[in-house]
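A short worksheet on the structure shown next.
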Amino acid sequence: MASTVGGTVVVGIDGSDHALEAVRWAVAEARERDLRLRLVAVVRPPRADLVLPPRKADRHHQTRMGTARTSLDTASGVAATIATDVEIDREVIGGMPAAVLIEESSTAALVVVGHRGRGGFTGLLLGSVGVALAAEATSPVVVVRGSTDRSWGVVVGVDGTRLGDTALGFAFAEAARRGGPLVAVRAWSEAAVDPFLEPFLDWDAIAADEREVLDRALAPWQQKFSEVEVRRVLVRENAVKAVMEQAAAAALVVVGSRGRGGAHGLRLGSVGQALLHHAPCPVAVVHAPATGEEPVDDRHIEEAAR
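For the sequence shown, the positions run 0 to 305 when numbering that gives the first Met the number 0 is used.
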């Protein structure tokens, strides 16, 4: 029997194949966490510019409700074939999909969505609901995309900040549950440095400083999760490229977010944005309060250039 402690694993259901992939991923996660699975289908309110006679409007609404219930039936059946021991809650809720799932995140342990919704345009690599949820949710959010082989390791970018530490803790816990390695990536780039100064920089000293940041960030989590094998990746290159390369052989890649309260569109950094749109595996966005945020400490680059 699933635990009632720690919230539920919530999945947004819209009738798409991508949503069913999210269900397959989420039910395995619910079983590993000993949590209930909650399937939520959202029926949008009538368009304000669409004027229909009352009876026709009611029939239209009932049709959409019936379609949503059918989608939940299908999703429940998929979940049951994977894990019969996971309790499943299901509900059709009226409202806007992103807003409803953001509200669900306030009491969820995890919210899971597919990377594209029903009727998405071919050119859109991530649906609008996924984008809004990743930016605004309270709980961690997983966007299921690419390979869902859970036997591989977990990848996390290490930026040395308090916000990054929240993502790091989530990544360690996931690696411990799965029994696989954790790949911790620390990357830096000289892109912001004046090209004329590059020959005068002590890159060995910078690398040593970067390794210290990485070791310091990992130390408390390694002590807590001593059973997790940690693989350090310390590279001098673009962070997006470095994390994406490691994600090619990952079961999950984890990125931090500022969470609620930041400027819209700036709650996810360039690494998070790139991963959500292009990662070859599921992406977990882990939220932390906006207060007390620390910037990445890159002062050593400036000091080395003096």
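No residue lacks a Cβ here, since even glycine has one placed at the ideal position from N, Cα and C.
Since the structure is predicted, the reported quantities are computational estimates derived from the model, not experimental observations.
Would you call the CB atoms of F169 and V285 closer than 8 Å? yes
Run the CB neighbour count on P44, radius 10 Å, all protein chains shown included, and call it buried at 16 or more, exposed below. exposed
Quick check: the stretch 213 to 231 against the stretch 141 to 151, are at least 3 beta-carbon pairs closer than 8 Å? no
With a threshold of 8 Å, are at least 3 pairs of Cβ atoms found where one atom belongs to the stretch 216 to 228 and the other to the stretch 240 to 253? no
Identify the continuous alpha helix (DSSP H) that holds W24 and give its terminal residues. D16 to R32
Can you list, in chain order, the stretches of the alpha helix (DSSP H) that have 4 or more residues and sit fully within the stretch 85 to 164? 96 to 104 and 127 to 135
List the residues that DSSP assigns as beta-bridge partners of H286. According to DSSP, which records beta bridges pairwise, H286 is partnered with S256.
Report yes if the C-beta distance between A74 and I12 is below 8 Å; otherwise report no. yes
Tell me the DSSP secondary structure of G11 in three-state form. strand
DSSP three-state assignment for L200, whether helix, strand or coil: coil
Check the C-beta distance from V8 over to R32 and give it rounded, since I have them as a contact under 8 Å. 7 Å between Cβ atoms; contact.
How would you write the range of the alpha helix (DSSP H) that V270 sits in, first residue to last? S269 to H277
Neighbourhood of T147 by C-beta, 6 Å cutoff - its chain only, sequence neighbours within 5 removed: Only W24 meet the Cβ criterion.
Determine the direct distance from the alpha carbon of E209 to that of S104, and round the result to whole angstroms. 35 Å
I'd like to check one pair, L38 with A133: are the Cβ atoms closer than 8 Å? No; because the gap between Cβ atoms is not below 8 Å, this pair is not in contact.
Give the DSSP-derived three-state secondary structure of R43 in the structure shown. coil
On the criterion of 16 or more Cβ atoms from any shown chain inside 10 Å, does V142 qualify as buried, or is it exposed? buried
Please determine, among G76, V91, V140 and V128, the residue with the shortest C-alpha to C-alpha distance to A107. V140
Give the DSSP-derived three-state secondary structure of R58 in the structure shown. helix
Classify S269 as buried or exposed, calling it buried when 16 or more other Cβ atoms lie within 10 Å of its own Cβ. Exposed, by the Cβ-count rule.
Given V26 as reference, the closest of D72, I81 and V42 once Cα atoms are compared: I81
If you draw a straight line from the C-alpha of R68 to the C-alpha of R58, how long is it? 15 Å
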